[in-house]
Amino acid sequence: MSDSFREVTSVSWFGRIKRAVGGVVFGLLLIVLMVIGLFWNEGRAVQTARSLAEGAGAVISTGTDSVAAANEGKLVHVSGPVAADSGVADPDFGIAAQGLRLSRTAEMYQWKEESKSETEKKLGGGEETVTTYSYSKVWDDSQIDSSDFKKPDGHQNPPMAIHSRTFQIPEGKLGAFTLDQPVLDRIEGDKAYALSSDQSAAIKSAYTGAKPLSIVDGKIYLGTDTTTPALGDYRIGYELAPLGVVSIVARQAGSRFEPYQTEAGDALLMVDTGNVPADKMFAEAVSENTLITWLLRAAGLLLLTIGFALFLSPIGVILDVIPFLGSMARMGTGIIAFFLAILVGTTTMAIAWFWYRPLLAAGILAAGLIAAAAVYYLGRSRKAGAPVAAPSAGAAT
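Heads up: the sequence shown begins at 26 in the numbering used here, then just goes up one per residue.
In structure tokens:
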């Protein structure tokens with residue numbers, strides 16, 4: 026079931042100019058923030074790289090059968106199977122399982138609003154926007170506030186009484202070591218946990234709500250008709266992180282693990298599933314740092330482009346007195362904004378390199394100057410050694 030309605034709004038040319046001026050202020054703020062962010066990102070990348078290099082050179086691989094007092098306070102690497110004194114359970118529905126973590130995802134069938142706008146420039150600089158609001162019922166794992174809808178009448182959502190939750194063992198064991206929450210939270214490997222008909226009796230016994238309960242496709246369904254959901258029905262599924270082998274790089278603190286503070290600045294606490302050697306864990310962390318660095322660079326350049334486009338936006342609005350001229354102007358200012366973002370962004374990153382990596386940057390600069398000088402002098406020597414052409418036979422003497 027879905028419905029929709031349309032809304033038409035108009036803005037005068039002067040109103041658009043006023044709005045564009047506000048965009049200039051926001052654009053300048055965005056440019057400043059992105060310059061700071063790009064500079065910070067280079068420093069973050071260098072600090073993390075140095076911290077990982079420091080950790081890779083200091084880590085000690087040890088067994089889990091006993092806690093070696095000689096490793097107290099040092100960065101250690103251990104691998105082994107995780108054990109737990111008890112399982113995990115969701116008391117609201119009487120579900121118990123053997124594992125590290127049980128995650129409940131509760132979805133409610135409710136109204137959702139979507140909007141689509143089409144804007145048309147008018148002769149004289151005005152602007153008309155037609156917005157279509159559509160409403161449909163969807164499954165969503167968070168409460169959708171229907172009071173914020175453009176047309177709330179007839180689309181009210183009931184309050185969400187059942188929410189998603191995570192149930193995790195308070196601590197685990199890795200041989201002689203104890204694993205507490207900071208380590209357990211980093212263990213991944215959650216898999217879909219399908220409920221069976223054998224659990225139906227325990228689930229219905231624990232459930233205290235008024236809605237009819239049934240098990241459908243391995244999930245709990247709260248509602249009368251499983252094939253035709255009604256507003257306020259629930260669909261509840263689970264994921265389970267099983268007990269298994271993990272690998273940890275951390276500071277040994279008694280029989281527990283803590284983040285290891287490096288002199289470079291980062292605190293190291295790495296957890297991976299499976300029996301992973303220390304060198305591979307550090308190599309993966311280095312690759313992750315490189316990926317994050319490039320993603321943040323790309324995001325910074327994109328936001329810089331948006332900032333410069335907002336700064337130049339009044340030009341297009343002013344020329345929108347004739348819509349064709351405004352469109353041409355926006356195309357031009359968009360290209361200018363892109364090139365300004367590249368220029369400012371790369372310059373910021375280059376300055377950051379000199380600030381955070383002066384020796385490396387100076388070495389690269391020196392190598393570039395030497396290469397340029399070598400090419401220059403090689404070209405001059407070839408020109409100086411070129412033979413002089415003999416005069417032609419018919420030339421006057």
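For glycine and all other residues, C-beta sits at the position ideal for the given N, C-alpha and C. Given the structure is predicted, the values throughout are model-derived calculations rather than measurements.
According to the DSSP assignment, Gln277 belongs to the beta strand (DSSP E) that extends over 270–278. Leu294 sits in coil when the DSSP states are folded into three classes, being neither helix nor strand. As a beta-bridge residue in DSSP terms, His102 pairs with Ser86, Val274. Between Ser140 and Thr157 the beta-carbon gap is near 7 angstroms, inside 8 angstroms, which marks them as a contact.
The beta carbon of Gly262 lies closer than 6 angstroms to those of Thr130, Lys244 in the same chain, with the five residues before and after it left out. Straight-line measurement puts the Cα of Ala324 at about 12 angstroms from the Cα of Gly332. CA-to-CA, the gap between Phe307 and Asp173 works out to about 47 angstroms. Distance from Ser128 to Asp215 at the Cβ level is roughly 6 angstroms; contact confirmed, criterion being Cβ atoms closer than 8 angstroms. Here DSSP, grouped into helix, strand and coil, assigns Tyr158 to strand. When the beta-carbon positions are compared, Leu199 and Thr298 stay at least 8 angstroms from each other. Contact annotation, Asn300 with Val270: C-beta distance approximately 5 angstroms; criterion of less than 8 angstroms satisfied.
Closest in C-alpha terms to Lys147, from the list Thr34, Gly234, Gln286, Met185, comes Thr34. Leu247 is a Cβ neighbour of Lys236, given a cutoff of 8 angstroms. For a cut-off of 8 angstroms, the C-beta gap from Ala83 to Leu100 is around 5 angstroms, short enough to register as a contact. Assigned with DSSP and collapsed to three states, Lys229 falls in helix.
Here Asn66 is near Leu321, since their CB atoms are less than 8 angstroms apart. In its chain, beyond the 5 residues on either side, Leu350, Gly351, Ala354 have a beta carbon closer than 6 angstroms to the beta carbon of Leu344. Looking at the DSSP output, Asp115 sits in a beta bridge with Ile120.
In this structure, Pro207 and Leu294 form a Cβ contact; the two beta carbons are roughly 7 angstroms apart against a cut-off of 8 angstroms. The continuous stretches of beta strand (DSSP E) do not include Phe174, and DSSP gives it neither H nor E.
When Cβ pairs closer than 8 angstroms are counted between the two stretches, the region 53–61 is seen not to touch the region 160–180, the count staying below three.
Between Leu256 and Pro339, the gap from beta carbon to beta carbon reaches 8 angstroms or more. Between Leu63 and Gly370, the CB-CB gap stays under 8 angstroms. Take the alpha-carbon of Val311 and the one of Ala74: they are about 7 angstroms apart.
Around the beta carbon of Ala108, fewer than 16 other beta carbons lie within 10 angstroms, which makes this residue exposed.
Annotation: Ile42 to Glu288 spans about 53 angstroms, alpha carbon to alpha carbon. The beta carbons of Tyr218 and Ala122 sit about 7 angstroms from each other, so the pair counts as a contact at 8 angstroms. Contact between Ala366 and Thr318 does not hold, since the beta-carbon distance rounds to 18 angstroms and is not under 8 angstroms. Annotation: Phe118 to Thr203 spans about 30 angstroms, alpha carbon to alpha carbon. The C-beta distance from Gly80 to Tyr381 rounds to 19 angstroms, too long to meet the 8 angstroms contact threshold.
Across the structure, Asp110 and Pro195 are spaced so that their CA atoms are roughly 10 angstroms apart.
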